[in-house]
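Residue numbers (the working numbering): 231 to 326.
Okay, structure coming up:
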């Protein structure tokens, strides 16, 4: 990130976003690595989460928080959406 290319009034916002996105990426990376230790398998590493076989235990989340510096992160389990009714229900719940 080049701070000189950011207008002064936007610098604190841009820098905070940059740091938080980096910590989120580090958290997700640690979740991937810790699967070997905690017995789940990461099938896909997504932008803001992972798809796993098996549940990510709280101990893995706590360790990923510690190692990434993203102390207040959490996982919100989301089902894999395969049926149209479920997809529509999910969209109505989470869309704005």
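A virtual CB, placed ideally from N, CA and C, is assigned to each residue, including glycine.
Quick one: what does DSSP say residue i is sitting in, helix, strand or coil?
i           : result
residue 277 : coil
residue 249 : helix
residue 271 : strand
residue 321 : helix
residue 264 : helix
Is the beta carbon of residue i less than 8 angstroms from the beta carbon of residue j?
i           : j           : result
residue 265 : residue 282 : yes
residue 249 : residue 270 : no
residue 247 : residue 236 : no
residue 302 : residue 289 : no
By Cβ distance below 7 angstroms, which residues in the same chain neighbour residue i in space, the five residues on each side in sequence not counted?
i           : result
residue 263 : none
Counting only the same chain and skipping the five closest in sequence on each side, list residues whose C-beta sits under 6 angstroms from that of residue i.
i           : result
residue 298 : 253, 256, 257, 260
residue 275 : 262
residue 272 : 262, 265, 280, 282
Within 10 angstroms of the Cβ of residue i, are there 16 or more other Cβ atoms? Answer buried if so, exposed if not.
i           : result
residue 294 : buried
residue 210 : Residue coverage of the chain in this structure runs from 231 to 326, which leaves residue 210 outside it and unanswerable.
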